[in-house]
Amino acid sequence: MWRWISILLLTSVVLVGLVPWLFQAGSRVSFILSDETKPRMFQAYLADLNGDGPLDAFLVYLNEENRVVLNDGNGHFTYDWRLVMHSYALALGDINADGQVEAILNNFNGLETGLLCAQSPPDFSLHSPADSLSSQAFAMRDEDNDGAAESFLASCCNGSTVIYNYETFSKGSPCLGQGRANSVALADLNGDSALDAFLAKGQRVNLGWEVQDTPNEVWLNNGQGNFVDSGQRLGRAVSLAVVVGDVNGDGFLDAVVGNRGPDEVWLNDGQGRFSDSGQRLGGGLTHSLFLVDLDEDGDPDLFTAGETSGRAWLNDGDGWFRSGQRIRYGWNTAIAVGDVTGDGVVDAFVAGLETYQVWRGAGNGRFTSDPVASYRDG
Numbered sequence: 074m075w076r077w078i079s080i081l082l083l084t085s086v087v088l089v090g091l092v093p094w095l096f097q098a099g100s101r102v103s104f105i106l107s108d109e110t111k112p113r114m115f116q117a118y119l120a121d122l123n124g125d126g127p128l129d130a131f132l133v134y135l136n137e138e139n140r141v142v143l144n145d146g147n148g149h150f151t152y153d154w155r156l157v158m159h160s161y162a163l164a165l166g167d168i169n170a171d172g173q174v175e176a177i178l179n180n181f182n183g184l185e186t187g188l189l190c191a192q193s194p195p196d197f198s199l200h201s202p203a204d205s206l207s208s209q210a211f212a213m214r215d216e217d218n219d220g221a222a223e224s225f226l227a228s229c230c231n232g233s234t235v236i237y238n239y240e241t242f243s244k245g246s247p248c249l250g251q252g253r254a255n256s257v258a259l260a261d262l263n264g265d266s267a268l269d270a271f272l273a274k275g276q277r278v279n280l281g282w283e284v285q286d287t288p289n290e291v292w293l294n295n296g297q298g299n300f301v302d303s304g305q306r307l308g309r310a311v312s313l314a315v316v317v318g319d320v321n322g323d324g325f326l327d328a329v330v331g332n333r334g335p336d337e338v339w340l341n342d343g344q345g346r347f348s349d350s351g352q353r354l355g356g357g358l359t360h361s362l363f364l365v366d367l368d369e370d371g372d373p374d375l376f377t378a379g380e381t382s383g384r385a386w387l388n389d390g391d392g393w394f395r396s397g398q399r400i401r402y403g404w405n406t407a408i409a410v411g412d413v414t415g416d417g418v419v420d421a422f423v424a425g426l427e428t429y430q431v432w433r434g435a436g437n438g439r440f441t442s443d444p445v446a447s448y449r450d451g
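As structure tokens, this is what we get:
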């Protein structure tokens, strides 16, 4: 079964069959100025990268090499490897069904693949694809359910969302609509065992420089890897992130959408059709979403992250969320959620350029902060 994270605008990630909680994770957006030259932390991804059990971190930087930092199992992270390329899009998954992690890395000059093997130390090899392209990788997908990802979903340079074959990097499925998606969630939304796509969109500028709203869309997989537009146009906000999970306990995967403005909860009727729950959560810019059980009551709670703070939202079991603890951090950081301390409780990991901070989950929806620490040299 797929375990995924969808990351938006310039980076994305999906992890397939790696660790259970990753199915409940979410996405990040950031806006980049063309003349920006200083290093910036862009995104942190948690996964067991060396096969020893604890969740390590893959750190994506702007204007700096990406890095891997390894977790000692207690939430202490050590530099291990720097990837000598500046990549802006990332998808992680098991490409060849060997139980190891591979990565698709993308820069603005074309797509390169980095094979990240789950061994100690992690080992990378890079090669250029047969068909170089500039795109934003959202997610890998396992089309025949054999445990290996054969293709990946990406937003291409013309603003459309397309499927690329992993081996040839050629386009497979027709484009999924017009206008770039900021985030994509892949999941079985209508109960037919095929992976469908929920596209979080926002605004686009046409050739006349007119700004147009592009509501969120749902594309249903016909079981042959071809997607059909469901015709739904959901919401009018600028949507930057989406995460799916069964928030109201009816057995169907619902969608939480992070916006520039209040976030929304869309409920699934089981046929892949969504209705607005009427909830409006928060009011700022949300670039990352995580659905995970924060208070250990058996239902998925929500963690939303903005530029300088994150907030826990606790689920009442029927899909209604109440505001919980706020975590504050610096603007030049990235956040990921998962059990990094090895106690079975979900934590928050805040990654900076040279330092990080672990917020330890208490199992009741609240967190306590460890001191800010430097990544130790390995």
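First residue of the sequence shown: 74, per our numbering; consecutive thereafter.
The C-beta atom is built at its ideal place from N, Cα and C for all residues, glycine as well.
DSSP-derived helix/strand/coil call for residue i
| i | result |
| --- | --- |
| residue 123 | coil |
| residue 346 | coil |
| residue 369 | coil |
| residue 254 | coil |
| residue 396 | strand |
| residue 433 | strand |
| residue 386 | strand |
| residue 442 | strand |
| residue 306 | coil |
| residue 292 | strand |
| residue 94 | Note that residue 94 scores a pLDDT of 31, beneath 50, so its modelled location is shaky and nothing firm can be said. |
| residue 318 | strand |
| residue 363 | strand |
| residue 334 | strand |
| residue 267 | coil |
| residue 134 | strand |
| residue 325 | coil |
| residue 297 | coil |
| residue 351 | strand |
| residue 377 | strand |
| residue 99 | Annotation note: pLDDT 49 at residue 99 (below 50); position unreliable, no value reported. |
| residue 129 | strand |
| residue 340 | strand |
| residue 358 | strand |
| residue 249 | coil |
Nearest-angstrom Cβ-Cβ length linking residue i and residue j, presumed shorter than 8 Å
| i | j | result |
| --- | --- | --- |
| residue 439 | residue 398 | 5 Å |
| residue 318 | residue 327 | 7 Å |
| residue 305 | residue 320 | 18 Å between Cβ atoms; not a contact. |
| residue 381 | residue 403 | 7 Å |
Residues that DSSP places opposite residue i in a beta bridge
| i | result |
| --- | --- |
| residue 448 | DSSP output for residue 448 lists no bridge partner at all. |
| residue 391 | Answer is none; residue 391 lacks a bridge partner. |
| residue 411 | 420 |
| residue 402 | Answer is none; residue 402 lacks a bridge partner. |
| residue 144 | 150 |
| residue 428 | 447 |
| residue 259 | 270 |
Chain C contact for residue i (CB, 9 Å cutoff)
| i | result |
| --- | --- |
| residue 286 | Here chain C cannot be found, since the structure has a single protein chain. |
Rounded C-alpha distance that separates residue i from residue j
| i | j | result |
| --- | --- | --- |
| residue 254 | residue 446 | 36 Å |
| residue 148 | residue 111 | 28 Å |
| residue 436 | residue 136 | 37 Å |
| residue 358 | residue 379 | 6 Å |
| residue 289 | residue 297 | 23 Å |
| residue 127 | residue 416 | 11 Å |
| residue 80 | residue 322 | A caution first: residue 80 carries a pLDDT of 30, below 50, which makes its placement in the model unreliable, though a value can still be read off. Rounded to whole angstroms, residue 80 to residue 322 spans 25 Å at the Cα level. |
| residue 115 | residue 336 | 21 Å |
| residue 427 | residue 153 | 13 Å |
| residue 193 | residue 129 | Because residue 193 sits at a pLDDT of 49, beneath the cut-off of 50, its placement in the model cannot be relied upon, and the following sentence gives the value as read from the coordinates. When rounded, the distance between both Cα atoms is 12 Å. |
| residue 420 | residue 310 | 30 Å |
| residue 287 | residue 249 | 13 Å |
| residue 138 | residue 325 | 40 Å |
| residue 407 | residue 150 | 15 Å |
| residue 294 | residue 444 | 46 Å |
| residue 125 | residue 449 | 18 Å |
| residue 131 | residue 144 | 11 Å |
| residue 338 | residue 261 | 18 Å |
| residue 341 | residue 329 | 11 Å |
| residue 140 | residue 422 | 15 Å |
Distance CB(residue i)-CB(residue j) smaller than 9 Å
| i | j | result |
| --- | --- | --- |
| residue 412 | residue 394 | no |
| residue 429 | residue 142 | yes |
| residue 258 | residue 267 | no |
| residue 392 | residue 350 | yes |
| residue 369 | residue 431 | no |
| residue 377 | residue 425 | no |
| residue 442 | residue 400 | yes |
| residue 273 | residue 301 | no |
| residue 252 | residue 313 | no |
| residue 409 | residue 119 | yes |
| residue 263 | residue 343 | yes |
| residue 434 | residue 367 | yes |
| residue 390 | residue 372 | yes |
| residue 354 | residue 396 | yes |
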